[in-house]
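Residue numbers for the sequence shown follow the numbering used here, so the first one is 643 and each next one is one higher.
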Amino acid sequence: MRCLMYAAIFIAALLSGCASTGDWSSDIPTKASSKSSKATRVNLKNQSVSKIYAPSDNLWLRIRDGFQMEAMNTPLEIEQVRWLSARPAYVHRSMARSSKYLFYIVQEVHARNMPTEIALLPFVESAFVTNAKSSAKAVGLWQFMPATGKAFRLTQNVFRDERRDVVQSTDAALDYLQRLHKQFGSWELALAAYNWGAGNISKAQKRNAAAGLPIDYESLTVPRETRNYVPKLMAYRQIVLDPQAYGIILPELENHPYFVAIELDSDIDVALAIKLAEIPADEFHSLNSSFNKPVILSNANQQMLLPFAHAEIFQEHLKQYNKPLSSWTAVQIRKTESVDQAAKTLGVDVDTLREVNGIPKGMRIRAGSTVIIPKTSRRPGDVPTAIAENASLSLEKPAPAVPKCPKSAKGAKHGAKPVKCAAPTVSKGNSSVKNAASQHKSASTTLANSAKNGNAALTSSSSASKRANTSQ
C-alpha cells in the first residue's frame, strides 16, 4: 500500500453532546488561543498533501495499549456487554463509521495522557454519527447541548454549528473531561458528571457524605441513564479488548490519519468542493457536518476535511480551475419585512431566498438578520469576517389581520356571537367623524340596554390583536 505523506492532520477537538451546562471556570480558552485554531493544516499554496508520512500499524492495538481504567465486572457492565454482543450488525456499523474519526480522537487523547477508553465515548454518545441530534437538542459526535457548546466557544451561527465539527467538538469534549477528572479525581465520576452534570454529582456526593456513605461512582444515587453510562463505555472496552469472545469482528483500522484539514483562501461552494475533490457527497457531508449552508467561508476560520487521496485530487483540480469558486454571498436585512419584500429589495428570486435560508412560509425576517443570496456584480466578494463570525437569522410571524368594526348595528340577530374588530381611528381635527363615532356609541348603548329587556341583542366589541413572535 502506498504510504501517503501528509502535511497537516493533528488537529484539535471539542466537547460532548450529552454534556450538561454549568460549573464553567474562567480559564476556558478563547477562540484565538484554542488548540483547534492553531492546528496544522494543509495550505495549498505552500505545500502538498503528499508530503506527510503516515505509519500503518493496527489502530485497535494502539487503543488496547492505552487502556487505563479497571474493568467494573458489575451486573450492569455484563448486561451491556450482552446487549452489544447480541447485536453484532449494529456494533459493526458503528465501528465502521468510527474508522474516519477514531485515529484523530485517539491521537488527541494520547497527547493529553488520557486513558484511551475516552476515545470510545462517541460510541456511547452518538454511535459515531457526526450529525446525530437528540430529542434534547444535543448534537454531534460528543452530543453537545447548545449552552454547553457556547460555554466552550463552539460557534453556532447561520453558516456553521461547530458542535458537529469533528475537530472542534473533540477538543472541547476532552477539555471538559479533563476538568471533570481534576474536580472529582476519578474517570468514572468524570464520565458520570459529563452525562449528568458536575453540580448534580457534587450534590449526590454531599448527600452520601452526610449519610456516612461512600462517595465513589457506584455508591451514588443517580438517574438510570447515568447509572448505565459508564457500564456502556466499559462494555465497548471489553469488546475492543477481546472481540472474538463476544462474536464481534472489528473492522481493520490502520494507525494513520483518515482525513486532512484544508485551508482555503477564498469562499468556495460546497458543490464545487465535492466536484473538485471527486468525493461522494455523503462522505463529504459526514466529514464536514458543521456546514449549514452551500458555501464554505474563508473568513470564518473554517476548515474543510477531506480524505487524503481526495485531498490530493482537490489540490490538483483547484490549480487548474480558473472560474469563480463561490456563487453565494451574505447580506444583513436592514428592516423587518416579509420574504417577498426582502427578495424584491435584494433583487433575488423569492423561492431561492426562502429555500437556501430555510424560511418557512408566512414568516417575516427581522432587522439585523443575515441571509444567503446568490452573488451578483453588485456583491462579488467573499463574505466579510464580521458577518461570517456573527451571522444570525431571526424570524417572526406577522400580526393577524383584524376586521374593522361594522358601521351600523342593523341586521344584528338576537343571540349572535360578538365579532372581534378594530375600532375606527378618529382624528382629532375631524368633528364629523367624532360625531359619527359618538352616535355609533350611543346607538350601541341603547341597543345593549334594550337587549337586557329581551327586545334585541347586539354586542359591539373591539380588541387589539396580539403579535406572536418567534425567532430562529
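Ideal Cβ positions, reconstructed from N, Cα and C, are used throughout, including at glycine.
Residue 1025 - partner residues in DSSP beta bridges = According to DSSP, residue 1025 bridges with nothing at all.
task = Enumerate in chain order the residues of its own chain whose CB-to-CB distance from residue 761 is below 6 Å, with the five nearest sequence positions on each side excluded.
result = 747, 748, 751
request  = Determine the extent of the alpha helix (DSSP H) in which residue 950 is found, giving its start and end residues.
outcome  = 950 to 962
task = Buried or exposed for residue 1012, please, with buried defined as at least 16 other CB atoms from any protein chain shown within 10 angstroms of its CB.
result = buried
ask   = Unbroken beta strand (DSSP E) runs of length 3 or more, entirely within the region 825 to 906: which are they?
value = 901 to 905
inquiry  = Suppose only complete runs of 3+ residues qualify. What are the beta strand (DSSP E) ranges in the region 965 to 1025, listed by chain order?
reply    = 970 to 974, 1012 to 1016
ask   = Hey, residue 772 and residue 931: beta-carbon distance below 8 Å or not?
value = Cβ distance < 8 Å, so residue 772 and residue 931 count as in contact.
task = Keeping to the same chain, check which residues put their C-beta closer than 8 Å to that of residue 775; ignore five residues upstream and five downstream.
result = 781
As assigned by DSSP and simplified to three states, the class of residue 1038 = strand
With 16 other Cβ atoms within 10 Å as the buried cut-off, status of residue 839 = buried
query = Sorted by chain position, which residues of the same chain lie with C-beta nearer than 7 Å to residue 754's C-beta, five sequence neighbours on each side aside?
reply = 816, 820
task = Could you give the DSSP three-state label for residue 796: helix, strand or coil?
result = coil
query = Of all the options 1033, 906, 783, which has the alpha carbon lying nearest to the alpha carbon of residue 625?
reply = Residue 625 lies beyond the stretch modelled for the chain, which goes from 643 to 1114, so this question has no answer here.
request  = List the endpoints of the continuous alpha helix (DSSP H) containing residue 767.
outcome  = 763 to 767
task = Starting from residue 917, follow the alpha helix (DSSP H) in both directions and report where the run begins and ends.
result = 912 to 919
inquiry  = I need the DSSP call for residue 700, collapsed to helix, strand or coil.
reply    = Residue 700: strand per DSSP, three-state reduction.
task = Less than 8 Å between the CB atoms is what I'm expecting for residue 981 and residue 960, so what's the real figure, rounded?
result = Between residue 960 and residue 981 the Cβ distance is about 35 Å, and since that is not below 8 Å, they are no contact.
request  = Report buried or exposed for residue 740, applying the criterion of at least 16 other Cβ atoms within 10 angstroms of its Cβ.
outcome  = Buried, by the Cβ-count rule.
ask   = Do residue 1014 and residue 992 have their CB atoms nearer than 8 Å?
value = no
key: Collapsed DSSP secondary structure at residue 946 in the structure displayed   = When DSSP states are grouped into helix, strand and coil, residue 946 belongs to the strand group.
ask   = Just the Cα atoms here: how many angstroms apart are residue 1031 and residue 768?
value = Put simply, the backbone Cα of residue 1031 is about 27 Å away from that of residue 768.
query = Span of the alpha helix (DSSP H) holding residue 735?
reply = 730 to 740
task = Check each candidate in 904, 710, 984 and name the one with the smallest Cα separation from residue 949.
result = 904
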